Amino acid sequence: KGSRGCFPSLRNRPLTPVLIAKNSSRETPSVYDLYSSMEYGPVPEALGAAQSWLESHGRKLGHFINGKWLKPDGRETYTHENPTTGEPLATTIQGKKEDVDKAIQAAKVAYESWSLLSGHVRARHLYNVARTIQKHQRLLSILESLDSGNLIRESQEADLPLVVRHFYHYAGWAQLMEEQMSNWQPLGT
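Its first residue numbered 664, the sequence shown is counted upward by one per residue in this note's numbering.
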């Protein structure tokens, strides 16, 4: 009969065999069959959202500079592959000096307006980035795992939470800046 002391709701139910013989005439595979084949495994995160995001960008990524995806013509491209399967994920462009110059110029312009903001306003922006990453953490962790080959658990429980913590950390410092570091001057980028 088996011990059911810790499960009172199961006391009066008959035990049902979990394993069905391998040579059973049932059409659905048995637990034994599933465990015996390589088709069984832990349930992966659904790839649909990540694949849709890649498709929405045409599986061609450029450089994200000044809030926009830039895909200049005539750039050498390379393919990112899922290291686990070898399946192509997306192509991206190789940056050139002009791309770096654009990024530096955008950073300088952003620095000018950023440095005029109060610490509390900067903190609000940084907190917003952290919350946005948290909101999209599932998608980002799947994309990271697909691109790096890391376990989904590592992306979900280590990599992305660490990114979020960093933004929260610096948001906290931004709030304290005017009080704790009032005599400090920014050096630039």
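We put the beta carbon where it would ideally sit given N, CA and C, even for glycine. These figures come from a predicted structure and were not determined experimentally.
Original post:
Grouping DSSP H, G and I as helix and E and B as strand, with all else coil, what is residue 743?
Top reply: Position 80 of the sequence shown holds residue 743. Correct three-state label for residue 743: strand.
Original post:
Between residue 739 and residue 723, what straight-line distance do the alpha-carbon atoms span, to the nearest angstrom?
Top reply: Position 76 of the sequence shown, counted from the first residue, corresponds to residue 739. Position 60 of the sequence shown, counted from the first residue, corresponds to residue 723. Distance between the alpha carbons of residue 739 and residue 723 is about 12 Å.
**OP:** Give the straight-line distance between the Cα atoms of residue 840 and residue 793, rounded to the nearest whole angstrom.
**Re:** The residue you call residue 840 lines up with position 177 of the sequence shown. The residue you call residue 793 lines up with position 130 of the sequence shown. Roughly 19 Å separates the two Cα atoms.
Original post:
Expressed to the nearest angstrom, what Euclidean distance is found between the alpha-carbon atoms of residue 788 and residue 796?
Top reply: Here residue 788 refers to the residue found at position 125 when the sequence shown is read from its first residue. Here residue 796 refers to the residue found at position 133 when the sequence shown is read from its first residue. Spanning the two alpha carbons is a distance of roughly 12 Å.
**OP:** From the DSSP output, in three-state form, read off residue 709 for me.
**Re:** Within the sequence shown, numbered from 1, the residue matching residue 709 stands at position 46. Coil at residue 709, not helix or strand.
Subject >> Pick from 710, 745 and 762 that is closest to residue 725, judged by C-alpha positions >> reply: Here residue 725 is taken as the residue at index 62 of the sequence shown, counted from 1. Ranking the options by Cα distance to residue 725, first place goes to 762.
**OP:** Evaluate the contact criterion for the segment 731-749 versus the segment 824-838: three or more CB pairs, one atom per stretch, below 8 Å.
**Re:** no
Original post:
What residues in its chain sit with their C-beta under 7 Å from that of residue 803, if we drop five residues either side in the sequence?
Top reply: Counted from its first residue, the sequence shown places residue 803 at position 140. Cβ neighbours of residue 803 beyond the five flanking positions: 796 and 823.
Original post:
Whose CA, out of 760, 807, 790 and 784, lies closest to the CA of residue 708?
Top reply: Your numbering for residue 708 matches position 45 in the sequence shown. Nearest of 760, 807, 790 and 784 to residue 708, Cα basis: 807.
**OP:** Figure out for me which residue from 809, 820 and 832 has the closest Cα to the Cα of residue 751.
**Re:** The residue you call residue 751 lines up with position 88 of the sequence shown. Looking at the Cα atoms, 809 is the closest of the given residues.
Original post:
For residue 734, which of helix, strand or coil comes out of DSSP?
Top reply: Walking along the sequence shown from the start, residue 734 turns up at place 71. If DSSP states are grouped into helix, strand and coil, residue 734 belongs with coil.
Subject >> Beta-bridge partners of residue 802, as assigned by DSSP >> reply: The residue you call residue 802 lines up with position 139 of the sequence shown. Partner(s): none; residue 802 has no beta bridge.
**OP:** Using only alpha-carbon positions, find the residue among 829, 764, 805 and 730 that is nearest to residue 786.
**Re:** As a working note, residue 786 is residue 123 in the sequence shown. Per the Cα distances, 829.
Original post:
Are residue 766 and residue 728 touching if we call contact CB-CB under 9 Å?
Top reply: Position 103 of the sequence shown holds residue 766. Position 65 of the sequence shown holds residue 728. Contact: yes.
**OP:** Would you mind working out which of 737, 748 and 849 sits nearest residue 777, comparing C-alpha positions?
**Re:** Taking the sequence shown and counting its residues from 1, the one referred to as residue 777 is at position 114. For residue 777, the nearest C-alpha among the options comes from 849.
Original post:
Cα separation between residue 772 and residue 779?
Top reply: Here residue 772 refers to the residue found at position 109 of the sequence shown. Here residue 779 refers to the residue found at position 116 of the sequence shown. If you take the alpha carbons of residue 772 and residue 779, they lie about 12 Å apart.
**OP:** Find out if the Cβ-Cβ distance for the pair residue 805, residue 733 is shorter than 9 Å.
**Re:** For this step, residue 805 is matched to residue 142 along the sequence shown. For this step, residue 733 is matched to residue 70 along the sequence shown. In this structure, residue 733 does not lie closer than 9 Å to residue 805 by Cβ.
Original post:
Quick one: is residue 818 buried, meaning 16 or more other Cβ sit within 10 Å of its Cβ, or exposed?
Top reply: The sequence position of residue 818 within the sequence shown is 155, counting from 1. Buried, since its Cβ has 16 or more Cβ neighbours within 10 Å.
**OP:** Mind checking which residues open and close the alpha helix (DSSP H) that includes residue 829?
**Re:** In the sequence shown, residue 829 corresponds to position 166, counting from 1. Unbroken alpha helix (DSSP H) run through residue 829: 823-843.
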